[in-house]
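Position 537 of the sequence shown, counted from 1, bears residue number 565 in my numbering, the numbering being contiguous throughout. Data first, discussion second: the structure below is written as structure tokens.
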Amino acid sequence: MSFAQKADVVRFLKAWSCKDKTQTQKAEETYLVLKKEYNPNKLEAISKDLDSYLDRDKDHRLKARIYMFQVLGKREFSLILTKQDTLKVAQVIKIARNLKDDQLLAEVYALAADIDFQGGYLLYNLKALELQRKIGFGYFSFVQNRFFGASIALYRTHDFKESIEYGKQCLAFRNMKSQNWDPMVYIFQLDVIGASYIALGKYEDAIDYYKQIIDTVSSKAYNGETKELWKGIANGNIGRCLFYQGEIQQALPLIDAHLAIALKYEQWNNVAIAENSKGEIFLKQRDFLQAYSSFKKALSAAIRSDRLEDKVKAAEGLMKSFANTGNTDSILYYQKAHSGYLLKQAEVVNNGKLSSMNSKMLFDNGQRDLENANASVSKLKQTRNIIIIGIVIFAVFLLLLYNRQALKNKLEKQQIIFEALQAKAEVDKAKNSLQQFRNQMVEKDQLIVNLRQSLQKSVLENNLDEAQIGKKLLAYVLVTDEEWVKFKDDFNKVYPLFYPRINAVLPSLSSAEERLASLIFLQMNNKEIASTLGIGVDSVARSKRRLKQKLPLLEEQSLESYILSLV
Numbered sequence: 029m030s031f032a033q034k035a036d037v038v039r040f041l042k043a044w045s046c047k048d049k050t051q052t053q054k055a056e057e058t059y060l061v062l063k064k065e066y067n068p069n070k071l072e073a074i075s076k077d078l079d080s081y082l083d084r085d086k087d088h089r090l091k092a093r094i095y096m097f098q099v100l101g102k103r104e105f106s107l108i109l110t111k112q113d114t115l116k117v118a119q120v121i122k123i124a125r126n127l128k129d130d131q132l133l134a135e136v137y138a139l140a141a142d143i144d145f146q147g148g149y150l151l152y153n154l155k156a157l158e159l160q161r162k163i164g165f166g167y168f169s170f171v172q173n174r175f176f177g178a179s180i181a182l183y184r185t186h187d188f189k190e191s192i193e194y195g196k197q198c199l200a201f202r203n204m205k206s207q208n209w210d211p212m213v214y215i216f217q218l219d220v221i222g223a224s225y226i227a228l229g230k231y232e233d234a235i236d237y238y239k240q241i242i243d244t245v246s247s248k249a250y251n252g253e254t255k256e257l258w259k260g261i262a263n264g265n266i267g268r269c270l271f272y273q274g275e276i277q278q279a280l281p282l283i284d285a286h287l288a289i290a291l292k293y294e295q296w297n298n299v300a301i302a303e304n305s306k307g308e309i310f311l312k313q314r315d316f317l318q319a320y321s322s323f324k325k326a327l328s329a330a331i332r333s334d335r336l337e338d339k340v341k342a343a344e345g346l347m348k349s350f351a352n353t354g355n356t357d358s359i360l361y362y363q364k365a366h367s368g369y370l371l372k373q374a375e376v377v378n379n380g381k382l383s384s385m386n387s388k389m390l391f392d393n394g395q396r397d398l399e400n401a402n403a404s405v406s407k408l409k410q411t412r413n414i415i416i417i418g419i420v421i422f423a424v425f426l427l428l429l430y431n432r433q434a435l436k437n438k439l440e441k442q443q444i445i446f447e448a449l450q451a452k453a454e455v456d457k458a459k460n461s462l463q464q465f466r467n468q469m470v471e472k473d474q475l476i477v478n479l480r481q482s483l484q485k486s487v488l489e490n491n492l493d494e495a496q497i498g499k500k501l502l503a504y505v506l507v508t509d510e511e512w513v514k515f516k517d518d519f520n521k522v523y524p525l526f527y528p529r530i531n532a533v534l535p536s537l538s539s540a541e542e543r544l545a546s547l548i549f550l551q552m553n554n555k556e557i558a559s560t561l562g563i564g565v566d567s568v569a570r571s572k573r574r575l576k577q578k579l580p581l582l583e584e585q586s587l588e589s590y591i592l593s594l595v
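Here's what the structure looks like:
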């Protein structure tokens, strides 16, 4: 180890030993050294030295800080995080909880959010904010990044109102001296709020935030390319808002300027946004050839940038353009493309919500298991101490009686042995109970992991394990409309693609047929379906025959196999 490297280890360990509210600031000073003075090779070398230190010293707080430093270092130099790195984050969370150190826990939650730990990007941003608010935002830097993370995660799941609320709280930190701002975070946050307002149809509010982008990038903090690009983006979105408000003549020059800048810097997502906006204007003016041209360019750019939102809008625009020219083949082609993009978009949004829900379930169960484990260990320790105290008291009592009667000495010794054996049996029983509890914890943790994997697998492969997950769906009785609505909501969370696909095949599908198809998909037999719907078995059979006649089955295909093939 070089002298400089040894000095860094000593300096870092001293900073990381801090337990009071200055601990975050001192830790961030070590991260600043990492950013300014290190490279990947130097990071690897000091990581080995820190691991060697942990082999000799089992201090849990230092272990947590060392693991966080190593993961942060890999993120700083854009190194691929391994499974071992995610396990380190999990261990730091456990250590911080056991230490009952909310400030350390807030820091590791922020790190967990940044690496999307367990798919919980939104969850861990919110948990970090909850603890930072409790301790005091003044003790943390980059608080605005947590609000920005929550805002953008909520935007991606189409929770636009919540996204705006967290975004505004992010912007409120701009003038706080304790906060270190990345200038681009401020611009991105203004953009997310503006886009959310557009999605909600509040165009005046959106215009206000895009004007703030123009004012902000005009300062010296932004270079020429950034100024030009973001002014173009802001003006383009202002143009979109003006168009939606009916001001076409004012809108078109702004959108054209946005397009020119986007093409200049090959910002394909912005090219798609601008071309889609032009296509909408041409549709409004009933210039269908120009609309077709713009939407075609928008779709090409959207495919290059791989933005589903732009693909959906471009495909819809092409479908409408051909609908007005009577080109049936093209209408059907883009109608199919539009449906496919819509389904994919719904899947992505649902996956995001499912991932957040699953992460919260893992988080809550882990927290509860840890509390239960600590309570059980505490109870066992208390029982052990009572037994030991009882043995000591009893031994003293026997000693006082030792000289009273020689005849009773033998009986008293036997009593001591008996009590000692009994005490040992109680201690052994307590140990077995603790081990059994730990085993149950392991089994429960595995069950949670299996459930998480099964949920993910159900979305990706549509092969849900009904023994673990489907019980809730199968337990419904769908006699009333209220029961059907609740069933359909739960069914849709697990099979988000089923209803869109069967309705795409059969748009005239009735509510009763939709219920029947759902129960067939769950592989229920006629008797079970009859019981669930509150009708006779014969009625189920007749309903199946009518449904089969409406669907485009192959000659030898059964109704059940066709419905199962939809997902």
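By construction, the Cβ of each residue, glycine as well, lies at the ideal position given by its N, Cα and C atoms.
Counting only residues of its own chain and dropping the five nearest sequence neighbours on each side, Y81 has no CB closer than 6 Å to any other CB. Two segments are said to touch when three or more pairs of C-beta atoms, one from each, lie closer than 8 Å; by this definition the region 193-201 does not touch the region 77-97. Rounded to the nearest angstrom, the gap between the Cα atoms of H366 and E65 is 51 Å. Under the Cβ criterion (8 Å, minimum of three pairs), the region 265-276 counts as touching the region 231-240.
For F201, the closest alpha carbon among the candidates Q217, N553 and Q112 is that of Q217. Closest in C-alpha terms to D48, from the list V61, R89, A73 and A35, comes R89. Sixteen is the threshold: since fewer than 16 other Cβ atoms of the shown chains lie within 10 Å of the Cβ of K189, the residue is exposed. Cβ contact annotation for A134 (same chain, cutoff 6 Å, sequence separation greater than five): A156, L159 and Q160, in chain order. A residue is called buried when at least 16 other Cβ atoms come within 10 angstroms of its Cβ; D243 does not meet this threshold and is exposed.
For the set K572, A249 and Y272, the Cα lying nearest the Cα of A227 is the one of Y272. The Cβ atoms of A326 and I359 lie no closer than 9 Å to each other. Between S349 and G307, the C-beta gap is smaller than 9 Å, which places the two residues in contact. The beta carbon of C46 is closer than 6 Å to those of K54 in its chain, skipping five residues each way along the sequence. Closest option to S536, judged by alpha-carbon separation, among M552, R335, L575 and K128: L575. Y293 counts as exposed, since fewer than 16 other C-beta atoms from the protein chains shown sit within 10 angstroms of its C-beta. Taken in chain order, the complete alpha helix (DSSP H) segments of 4 residues or longer contained in the region 37-125 are 51-65, 68-84 and 88-104. Judged by beta-carbon spacing, Y523 lies beyond the 9 Å limit of E542, meaning their Cβ atoms are not closer than that value. In the displayed model, R332 falls within a helix according to three-state DSSP.
If the five residues before and after E253 are omitted, its C-beta is found closer than 8 Å to the C-beta atoms of Y293, all from its own chain and listed in chain order. Within the region 542-573, the runs of alpha helix (DSSP H) that reach at least 4 residues and sit entirely inside it are, in chain order, 554-561.
Uninterrupted alpha helix (DSSP H) stretches at least 4 residues long and entirely within the region 154-193 occur at 171-184, given in chain order. A straight-line Cα-Cα distance of about 51 Å links K91 and Q551. V565 and S571 have their alpha carbons spaced roughly 10 Å apart. Just measuring C-alpha positions, the residue of L280, Y183 and P580 sitting nearest G260 is L280. Straight-line measurement puts the Cα of L525 at about 17 Å from the Cα of S539. Fully contained in the region 271-345 are the following alpha helix (DSSP H) runs of length 4 or more, in chain order: 276-292, 296-312 and 316-333. In this structure D219 is not in contact with I192, their Cβ atoms being roughly 12 Å apart against a cut-off of 8 Å. Counted as a single uninterrupted DSSP element, the alpha helix (DSSP H) harbouring Q240 occupies residues Y231 to V245. Sixteen is the threshold: since fewer than 16 other Cβ atoms of the shown chains lie within 10 Å of the Cβ of K42, the residue is exposed. Looking at K341, H286, D210 and N352, the one whose alpha-carbon comes closest to that of L317 is N352.
Minimum Cα-Cα distance from K116 among the listed residues I108, Y95, D129 and L100 corresponds to Y95.
About 11 Å separates the CB atoms of A569 and N553; that is not less than 8 Å, and the two are not in contact.
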